[in-house]
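Participant: So that we are looking at the same thing, I have put the structure below in structure tokens.
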Amino acid sequence: MTPSHRQNVGPHPRPSMSTKPMFHRVFAAEPSVVRKTLVDIRARFGAGLDEDTMGRLELVLAEVLNNVAEHAVDVRQGTSIHLCIVRQDAGFACAITDDGVSLPQECLQPRNLPQDGATELPEGGFGWYLIQDLTQALCYYRERHRNFLAFSVPFDGVERAH
């Protein structure tokens, strides 16, 4: 089998060589820059991708990146975000690092939506519920004044394990 035939094997074919399967950007943690980055991600991956998967990827990234821009900015030195997204066979692998303040541990606690209609949610609220619900292999750690967050967003139809 030639290399060009191997790339289209499996339930979710790998992108052709003309498609760029990676996105990498380093940018300031500012809401307007986050919005522009999300537009650029859609331009990179949107063609040929089902809208459900694209919507989940955008929603998760919007929640994470806007959280950094709104809550993690170090006002003394500014904050930069490093974002890398790789399209893989089963979905997207995402890695985000920033030099902002540490993520509160409460955000990483498993959460459910209130069943009684209560509107009070713990720190991280609905956004972290969505992030946890729409991703797989969510991992966070902090090292040397830098936050590291990694996760995958599966393609539509790929079972999401929690």
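full-length UniProt numbering puts the first residue of the sequence shown at 1, with every later residue one more than the last. Glycine included, each C-beta is placed from N, C-alpha and C at the ideal position. These numbers come from a predicted model, not from an experiment.
How is aspartate 89 classed by DSSP in three states: helix, strand or coil?
Facilitator: The sequence position of residue 89 within the sequence shown is 89, counting from 1. Aspartate 89: coil per DSSP, three-state reduction.
Participant: Can you give me the start and stop residues for the alpha helix (DSSP H) that glutamine 132 sits inside?
Facilitator: Locating residue 132 in the sequence shown gives position 132, counting from the first residue. Per DSSP, glutamine 132 belongs to the alpha helix (DSSP H) from 125-134.
Participant: Report back the beta-carbon spacing between alanine 29 and serine 102 to the nearest angstrom; my notes put them in contact at under 8 Å.
Facilitator: Numbered from 1 along the sequence shown, position 29 holds the residue referred to as residue 29. Numbered from 1 along the sequence shown, position 102 holds the residue referred to as residue 102. With 8 Å as the limit, alanine 29 and serine 102 do not qualify as a contact, their Cβ atoms being about 14 Å apart.
Participant: Taking all protein chains shown into account, do 16 or more other C-beta atoms lie within 10 angstroms of the C-beta of glutamine 132, making it buried, or fewer, making it exposed?
Facilitator: Within the sequence shown, the letter at position 132 stands for residue 132. Buried is the call here.
Participant: Distance, Cα to Cα, alanine 93 vs methionine 22?
Facilitator: By one-based count along the sequence shown, residue 93 stands at place 93. By one-based count along the sequence shown, residue 22 stands at place 22. When rounded, the distance between both Cα atoms is 10 Å.
Participant: In the DSSP assignment, find the unbroken alpha helix (DSSP H) run with proline 31 in it and report its ends.
Facilitator: Taking the first residue of the sequence shown as position 1, residue 31 is located at position 31. Proline 31 -> alpha helix (DSSP H) spans 31-45.
Participant: Taking tryptophan 128 as the reference, which of Pro110, His145 and Tyr141 has the closest Cα?
Facilitator: The residue you call residue 128 lines up with position 128 of the sequence shown. That would be Pro110, whose Cα lies nearest to the Cα of tryptophan 128.
Participant: For the structure I just gave you, are there three or more beta carbon pairs, one from the region 141-157 and one from the region 56-74, closer than 8 Å?
Facilitator: In short, these stretches touch, since the Cβ pair count reaches three.
Participant: Determine whether the beta carbon atoms of aspartate 98 and valine 75 lie at a separation below 8 Å.
Facilitator: As a working note, residue 98 is residue 98 in the sequence shown. As a working note, residue 75 is residue 75 in the sequence shown. No. Outside cutoff.
Participant: Determine, using beta carbons only, whether threonine 37 and phenylalanine 27 come nearer to each other than 8 Å.
Facilitator: Numbered from its first residue, the sequence shown carries residue 37 at position 37. Numbered from its first residue, the sequence shown carries residue 27 at position 27. A contact, by the Cβ cut-off of 8 Å.
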